[in-house]
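Notes follow the structure.
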Ligand SMILES: NC(=O)C1=CN([C@@H]2O[C@H](COP(=O)(O)OP(=O)(O)OC[C@H]3O[C@@H](n4cnc5c(N)ncnc54)[C@H](OP(=O)(O)O)[C@@H]3O)[C@@H](O)[C@H]2O)C=CC1
Ligand SMILES: CC(=O)[C@@H](O)[C@H](O)COP(=O)(O)O
Ligand SMILES: [Mn+2]
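Quick look at the structure:
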C-alpha cells in the first residue's frame, strides 16, 4: 500500500488523483492533503476518503473544519503545507498546487526523503537548479505528472541518456491556435478558458492559450531530462494524442500516445515502474483518427514561447522573473484588468528590467519573485 500526500487536492489534477485512488483503494491511501479556498470541494473529498491530515489556506477555514470534524487533524497556510509534505507516514508527495506556492513544500518534502510526483511545473521552472541536485542528494524519485513529461519519461524507459538526439514536445496550440494576431487583441476570458482538448485549471488553460505553458514545459523538460534547450523541439499537434516523443541518435522516434486523460500520467507517476488499468477509460482507437498533424509553432502570433525559451537559456534568476510576471499577468487577465496580449507585454517588460543573477539561492528567489510581482502589479 503506497501512502500519499496530495497537495492541491481540490484542483483539476488533485480531483483526478482522488479518482485514481478511489479506483485502486487496495494500492493507494491518501494520508494527508491540502486545499486552498475551495472548502466545499474539500468536504466532498473528505466524505469519500478518511484522510487524517488536512491543510487549508485560511485560519477561519481551519477553525470551521476543526469544529465540524474533531477526529481529523487540520493545518493552515504554507507552514501547514510543509508539515503535511514532510509527514512521516507518507511515502510520496503528489504536488498539484498551482504556481510558486508549491516550491517550499517540495523542497522540504525532498529533504524529508519523500518521492515527489510533480505536476506543479512552476517549481521546476523557478528552481530546477536547486530541486534537481537536491533530489539526487536525497536519493528520491522525481516523477513527472505533466502529460508531455510523463510521455517523455515513458519513452525513455530502458534508454541511455547519451542516446537522446532530441525531445519532440507536442503542443495543442491552445484555445486560439487558428486566430490571427489581429483577432487575438479582443479575445475574452471565456474564449481563452475554452481549451480544445483538455479540461484543466484556469491558470494553466490561459497559459496554454498564450503558449507560456509550452515555454514553461520546455524549461521543465530541460531540468527533468538534463537536455540542452537546442535539443527540445516544440511541435504543434492539434489532436493531442501523441503526448511527446524522443528522437534517438539512430533516428528512431519513440513516443507515447493515448486519449487525452490526465489520470494516466498521474497514475503512472504513482505506480512507476508498474502499470495498472485506468477506471472507465475509453480505449484509444487509432482507426478513429482520420489524420495527425504536426507543424512548427508560429512565434509571431505567439511570442510567449520564444520569450520563455530565452528566459530558460539566460538561466539563473530569469525563469523566476518570467514565472512571477506570468502568474500576475495571467490572473490580471482572468480578472478582466488587462487584455490577452498584455500578458506577453508585461512578462517581457519584467524580464527587460531584471538584471539576472547566476545560481540564485532560495532566499534570493523568494525576494525576486516578490519584487517581480510588485513590479507587474503596478503596471496592471
Ligand atoms: N490540470 C491539468 O491537466 C494539468 C496541470 N498541470 C500543472 O499542475 C498544477 C495544478 O494544475 P491544476 O490542477 O490545473 O490547477 P487548479 O487551479 O485546478 O488547482 C490548483 C490547486 O492548488 C490549490 N492552490 C491554489 N493556490 C494555492 C496556494 N497559494 N497555496 C496552496 N494551495 C493553492 C487550489 O486550491 P483551491 O482550489 O481549494 O483554492 C487547488 O487545489 C499546475 O502547476 C499546472 O501547471 C500540469 C499538467 C496538466
Ligand atoms: C495536459 C497537460 O499536460 C497540459 O499541460 C497540456 O499540455 C496543455 O495543453 P497545451 O499543449 O495546449 O499547452
Ligand atoms: Mn502539459
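In the UniProt record's numbering, the protein residues as written are 1 to 380.
Glycine included, each C-beta is placed from N, C-alpha and C at the ideal position.
Computed from a predicted structure; not experimentally measured.
Quiz item: Looking at C-beta atoms only, is the number of pairs between the region 106-114 and the region 9-21 that lie closer than 8 Å three or more?
Solution: no
Quiz item: With a cut-off of 8 Å, do at least 3 Cβ pairs link the region 146-160 to the region 34-47?
Solution: no
Quiz item: Thinking just about the alpha-carbon of each residue, which of 112, 178, 39, 251 is nearest to the one in residue 209?
Solution: Numbered from its first residue, the chain shown carries residue 209 at position 209. Nearest option by C-alpha distance: 178.
Quiz item: Does the pairing of the region 329-338 with the region 275-295 give three or more beta-carbon distances under 8 Å?
Solution: no
Quiz item: In chain order, what residues of the same chain have a beta carbon less than 8 Å from the beta carbon of residue 156, not counting five sequence neighbours either side?
Solution: Residue 156 sits at position 156 when you count from the first residue of the chain shown. So the qualifying residues of the chain are 164, 225, 246.
Practice problem: Take every Cβ of the region 358-378, pair it with every Cβ of the region 310-322, and state whether three or more of those distances are shorter than 8 Å. | Solution: yes
Self-check item: Helix, strand or coil at residue 257 according to DSSP, with G and I counted as helix
Solution: Here residue 257 refers to the residue found at position 257 when the chain shown is read from its first residue. Strand, per DSSP.
Self-check item: When 310, 278, 261 are compared against residue 230, the one with the closest alpha-carbon
Solution: Numbered from its first residue, the chain shown carries residue 230 at position 230. Residue 310 is the option with its Cα nearest to residue 230.
Practice problem: Report buried or exposed for residue 327, applying the criterion of at least 16 other Cβ atoms within 10 angstroms of its Cβ. | Solution: In the chain shown, residue 327 corresponds to position 327, counting from 1. It is buried - the Cβ of residue 327 has at least 16 other Cβ atoms within 10 Å.
Quiz prompt | Residue from 249, 98, 80, 52 whose Cα sits closest to the Cα of residue 206 | solution = Within the chain shown, residue 206 is the residue found at index 206, counting from 1. When each option's Cα is compared against that of residue 206, the closest is 98.
Quiz item: Is the region 74-82 touching the region 248-262 in the sense that three or more CB pairs, one from each, lie closer than 8 Å?
Solution: no
Practice problem: Output the distance between the C-alpha atoms of residue 64 and residue 92, rounded to the nearest integer angstrom. | Solution: Within the chain shown, numbered from 1, the residue matching residue 64 stands at position 64. Within the chain shown, numbered from 1, the residue matching residue 92 stands at position 92. The straight-line gap from Cα to Cα measures roughly 28 Å.
Quiz item: residue 150 by DSSP, collapsed to three states: which one?
Solution: The residue labelled residue 150 in the question sits at position 150 within the chain shown. Three-state result, residue 150: helix.
Quiz prompt | 3-residue-minimum beta strand (DSSP E) runs that sit fully inside the region 194-235, ordered along the chain | solution = none
Exercise. Please go through the region 42-118 and give each complete alpha helix (DSSP H) segment of 4 or more residues, from N-terminal end onward.
Key: 59-68, 77-85, 103-111
Self-check item: Endpoints, the beta strand (DSSP E) within which residue 248 is located
Solution: Translated into positions along the chain shown, residue 248 becomes position 248. Per DSSP, residue 248 belongs to the beta strand (DSSP E) from 242-248.
Exercise. Please find out if some non-hydrogen atom of ligand 1 comes closer than 8 Å to the beta-carbon of residue 219.
Key: Position 219 of the chain shown, counting from 1, holds the residue named residue 219. Not so, every heavy atom of ligand 1 lies at least 8 Å from the Cβ.
Exercise. Over the uninterrupted alpha helix (DSSP H) stretch that includes residue 306, give me the two end residues.
Key: Position 306 of the chain shown, counted from the start, is the residue given in the question as residue 306. Start and end: 304-314.
Quiz item: When the Cα of residue 227 is compared with those of 260, 138, 312, which residue comes out closest?
Solution: To locate residue 227, count along the chain shown from 1; it is residue 227. When each option's Cα is compared against that of residue 227, the closest is 312.
Quiz item: So which residues touch the region around ligand 3, with touch meaning a C-beta under 5 Å from any heavy atom?
Solution: 146, 147, 148
Quiz prompt | Backbone secondary structure at residue 276 - three-state DSSP | solution = Mapped onto the chain shown, residue 276 falls at position 276. In the structure shown, residue 276 sits in coil (DSSP, three-state: anything other than H, G, I, E or B).
Quiz item: Exposed or buried, residue 120, counting other C-beta atoms within 10 Å across all chains shown (16 or more means buried)?
Solution: Locating residue 120 in the chain shown gives position 120, where the first residue counts as 1. Buried, by the Cβ-count rule.
Quiz item: Helix, strand or coil: which one does DSSP assign to residue 142?
Solution: As a working mapping, residue 142 is identified with position 142 in the chain shown. In this structure, residue 142 counts as strand in the three-state DSSP scheme.
Exercise. Report all residues from its chain with a CB closer than 7 Å to the CB of residue 348; omit the five preceding and five following residues, and keep chain order.
Key: For the purposes of this step, residue 348 is taken as residue 348 along the chain shown, with counting starting at 1. Same-chain partners within the cutoff: 307.
Exercise. Determine the contact status of residue 127 and residue 362, defining contact as a CB-CB distance below 9 Å.
Key: The residue labelled residue 127 in the question sits at position 127 within the chain shown. The residue labelled residue 362 in the question sits at position 362 within the chain shown. Taking 9 Å as the Cβ cut-off, residue 127 and residue 362 qualify as a contacting pair.
Self-check item: Member of 31, 44, 68 whose CA lies at the smallest distance from the CA of residue 86
Solution: The count along the chain shown starts at 1 and reaches residue 86 at position 86. When each option's Cα is compared against that of residue 86, the closest is 31.
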